Structure formats: structure tokens, C-alpha cells
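Take a look at the structure set out below.
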Amino acid sequence: MSLPADFSYSEEHEWINAPADKAAGETVKVGITSVAADRLGEVVFAELPQVGDAVTAGDPCGEVESTKSVSDIYSPVTGTVTAVNDAVHDDYSVVNSDPFGAGWLFEVAVDEVGPLMTASEYAAANGVS
């Protein structure tokens with residue numbers, strides 16, 4: 489299981505597509521990690537925030553439902569949602585098949601970054617080799 493080295497990761501298994509120290513003032517994509525996708529199993533539904541919604545780092549902002557369970561999506565950053573990935577609603581399996589690419593969930597114009605880890609820190613915390 490490969491983690492993009494230039495992404496940042498939350499303890500709750502979300503990612504942003506930027507290093508944490510460079511994300512403030514930028515617009516970043518948010519998704520769930522391959523670790524989360526594997527643990528969830530087949531994703532069958534996602535409730536995502538709406539464009540214009542304010543999200544706060546560490547707070548729930550949506551849900552992902554799988555054949556096994558329902559899990560909250562926690563925003564890894566504070567800011568305003570600028571886009572939602574409609575492709576996820578068209579085919580939820582993209583979250584499992586390409587969690588770091590086509591399976592991104594939403595974009596946020598970042599005001600503040602929450603506590604995030606590097607890929608190596610996340611891998612060590614989650615037993616990913």
C-alpha cells in the first residue's frame with residue numbers, strides 16, 4: 489500500500505494533497521486514505537459537505553457508508569468547501585479503487601491546517617509498509 493509522500497495525513501485517516509506547512513492559503517483536495525478504504529470495505533454511499541460550507545479541522549463534515557459500517561469524515565483543515573467530487577456520487581467504488589486520485593472527496597480553501605502527519609509518520613502509526 490503506497491502513500492503519496494507529498495500528501496499530509498490526519499489521525500482519522502483523511503488526507504490533503506499538500507504538505508501541511510504549505511497548505512494554509514491554498515485550495516487542497518481532501519479524501520480518505522487507502523488504510524481507511526481497506527478497513528471500511530466496499531463504499532456504497534458518501535454524504536459530503538456542500539460547496540460553500542465552512543469546515544473545521546478535526547470536526548466531522550460528512551460520512552462514508554460501506555458494506556461494513558458508517559464512518560464520519562473529519563476535515564483535516566479549516567476553511568470553505570470550494571468543490572465536491574461528483575464522480576464519487578456517480579460511482580462510490582472509486583473511493584476504494586483510487587483513494588488518492590479519482591476518489592478524492594472535496595476541495596477546501598484552507599484558512600488553517602489541523603494536526604497532520606507526513607506519509608512516513610502516518611505509515612508508522614498505522615503499520616503501513
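Numbers in the working numbering are just positions in the sequence shown, counted from 1, shifted up by 488. Quick reminder that beta carbons are idealized off the backbone N, C-alpha and C, glycines included. Treat the numbers as computed from the prediction; the structure is a model and nothing was measured.
What residues in its chain sit with their C-beta under 8 Å from that of V541, if we drop five residues either side in the sequence?
On the sequence shown, residue 541 is found 53 positions in, with the first residue counted as 1. Just to set this straight, residue 541 is Asp in the shown sequence, not Val. The beta carbon of D541 sits closer than 8 Å to those of C549, T568 and V569, all from its chain and outside the five residues before and after it, given in chain order.
So what's K517 in DSSP terms, helix, strand or just coil?
Locating residue 517 in the sequence shown gives position 29, counting from the first residue. When secondary structure is reduced to three states using DSSP, K517 falls in the strand class.
According to DSSP, what are the bridge partners of A597?
Here the question's residue 597 lines up with position 109 in the sequence shown. Answer is T515 and T568.
Helix, strand or coil: how does DSSP classify S608 here?
Translated into the one-based positions of the sequence shown, residue 608 becomes position 120. In the structure shown, S608 sits in a helix (DSSP, three-state: H, G or I).
Within 10 angstroms of the Cβ of H501, are there 16 or more other Cβ atoms? Answer buried if so, exposed if not.
Residue numbering aside, residue 501 sits at position 13 when the sequence shown is read from its first letter. That one is buried.
Beta-carbon proximity of G529 to P587, cut-off 8 Å:
Indexing the sequence shown from 1 puts residue 529 at position 41. Indexing the sequence shown from 1 puts residue 587 at position 99. Not closer than 8 Å, so no.
What does DSSP give as the partner residue(s) for P548 in the beta ladder?
Within the sequence shown, the letter at position 60 stands for residue 548. In the DSSP assignment, the residues bridged to P548 are Y562.
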